[in-house]
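Trainee: Note that the sequence shown covers residues 122 to 483 in this note's numbering.
The beta-carbon is built from N, C-alpha and C at its ideal position, and this holds for glycine as well.
Treat the numbers as computed from the prediction; the structure is a model and nothing was measured.
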Amino acid sequence: MLWRLAVLGDRRNVAIEVECCVMLKRSIRRVLVARIAMLITALWLFASSACFAQSSGGATAPSIPTAATHSAFPPEAHESLDALYRGDAEAAIAIARRMETARSEYPLGFLLEAEAQWWRIYCGALEFKWNQIDVGHRESLPGDNAYLALADKVTELADSQLRVKETAEMHLYAGMGYVLRVRMLGIRKENRATAKAAVKARTHLMRALEMDPSLTDAKTGVGLYNYYVDTLSGIARILRAFMGLPAGDKKLGVAQLEDAMVHGELTGVDARFYLAKNLRSYDQEYERALKIMEPLAERYPQNPIFPLFIGNLNALLARNERATANYHAAENLTAALPASEGACKGRLELLAKEGLGIIKAR
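#1: With H, G and I counted as helix, E and B as strand and the rest as coil, what does DSSP make of Q516?
#2: Can you check whether the CB of A376 is closer than 7 Å to the CB of G385?
#3: Assuming Y243 contacts Y421 (C-beta within less than 8 Å), just tell me the rounded distance between them.
#4: How big is the Cα-Cα spacing for L278 and G478?
#5: Between which residues of its own chain and L437 is the CB-CB distance below 6 Å, once the five residues before and five after are set aside?
#6: Quick check on the DSSP output: what are the complete beta strand (DSSP E) runs of length 3 or more inside the stretch 425-459, in order along the chain?
#7: Compare the C-alpha of G230 against each of W240, W239, Q282, A215 and name the closest.
#8: Within 10 angstroms of its Cβ, does L262 collect 16 or more other Cβ (buried), or is it exposed?
#9: Would you call R284 buried or exposed, if buried means 16 or more other Cβ atoms sit within 10 Å of its Cβ?
#10: Under 7 Å between the Cβ atoms of D273 and A295?
#11: Figure out for me which residue from N266, T341, K286 has the closest Cα to the Cα of D380.
#12: Give every residue of the same chain whose Cβ lies closer than 8 Å to the Cβ of H258, excluding the five residues on either side of it in the sequence, and list them in chain order.
#13: Short check: CB of L480 to CB of A451, under 7 Å?
#14: Using a threshold of 7 Å, state whether the C-beta atoms of H292 and R323 are closer than that.
#15: So, are the CB atoms of L232 and V300 less than 7 Å apart?
#16: Excluding the five sequence neighbours on either side, which residues of its own chain have a C-beta within less than 7 Å of the C-beta of D404, listed in chain order?
#17: Spell out the partners DSSP gives L283 in its beta bridges.
#18: Would M414 and A439 qualify as a contact pair, given that the criterion is a beta-carbon distance under 7 Å?
#19: Taking C-beta to C-beta, are N453 and G432 nearer than 7 Å?
#20: Report the rounded CA-to-CA distance for P428 versus E287, giving the unit in angstroms.
#21: Taking C-alpha atoms, which residue in V256, F194, A210, F394 lies nearest to K412?
#22: Does the separation of the CB atoms of A319 and V303 fall below 7 Å?
#23: Is the Cβ-Cβ distance between G374 and M382 less than 7 Å?
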């Protein structure tokens, strides 16, 4: 009897140890997915994409080029993006919707509308955190469903055409559709879904590049993935490999984004903005980030978001007079935004005042 009890006790111990191992494995997986999702989230992320080149260190960032003479995309796409980056999302959406009506089976119009909606969401969620302006955690809001529906529409339309004929262009749009999802799911901290969508985006964009290496706008998403995943800690990289997620390469990611911000037709602005923001947040390369960000304010002097971030970078560099001037410029530009951008206006006004308050408190 005692022997049987001892055996039963050993079995219970083994069962408990196995259960503990399973629970530990699940916990590690959750932590890893959360970490990867957090880093990939900024995968902006974008609604358009990038390129390939060598990192240029602290060299002065080249100015922003105008639209290519022989564009692969219709002129309406450039018109929509220009309106958006001038700070008029409503005008950008109107142009995108005309594209949707003209070609309801084509993903680009829906992609551009989602891009405009994203910048509204992004602007409304900005906050100061650790003296840096960025988007942190944000709860789900009723308007999120409309944005996610647009993201799904982009992917569905692209997938539908891919079932008929595989093309690099449709892989590009399918990848962008998943990137649109990554942005929203990321700020809502839906970590597992974020990581899953990011890997799907990468798969489509890599296939697009395999089919057409000259498709510059397929490289930003890949570059952002490379950058974020390679910022994982050593143990997280081991666990990433254990989970079967593709590896990253930060140096290559930066190089791809640098090329994208110069040559990307749809994503040049996004590539430049996110590269500057990431160099600030993850590498503390404030001077380099500033040189990359400044051409955005020069090309789009109506948009208050760019001087706001430039002010943040100057403040981090302890250039208080310049930062003060930047924040005041952002205030003035915010007041001039269309009434349709009310939520964004309110947020930018608060951030400019908060930035000025931080400087005065020094």
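Mentor: Judging by the given coordinates:
#1: There is simply no residue 516 to check, as the chain begins at 122 and stops at 483 in what is shown.
#2: no
#3: Contact doesn't hold; Cβ gap of about 15 Å is too wide.
#4: 48 Å
#5: Y407
#6: none
#7: A215
#8: exposed
#9: exposed
#10: no
#11: T341
#12: I308, R309, K310
#13: Checking the sequence, you will find Ile at residue 480 rather than Leu. Contact: no.
#14: no
#15: no
#16: none
#17: Looking at the DSSP assignment, L283 forms no beta bridge with any residue, so it has no partner.
#18: no
#19: no
#20: 42 Å
#21: F394
#22: yes
#23: no
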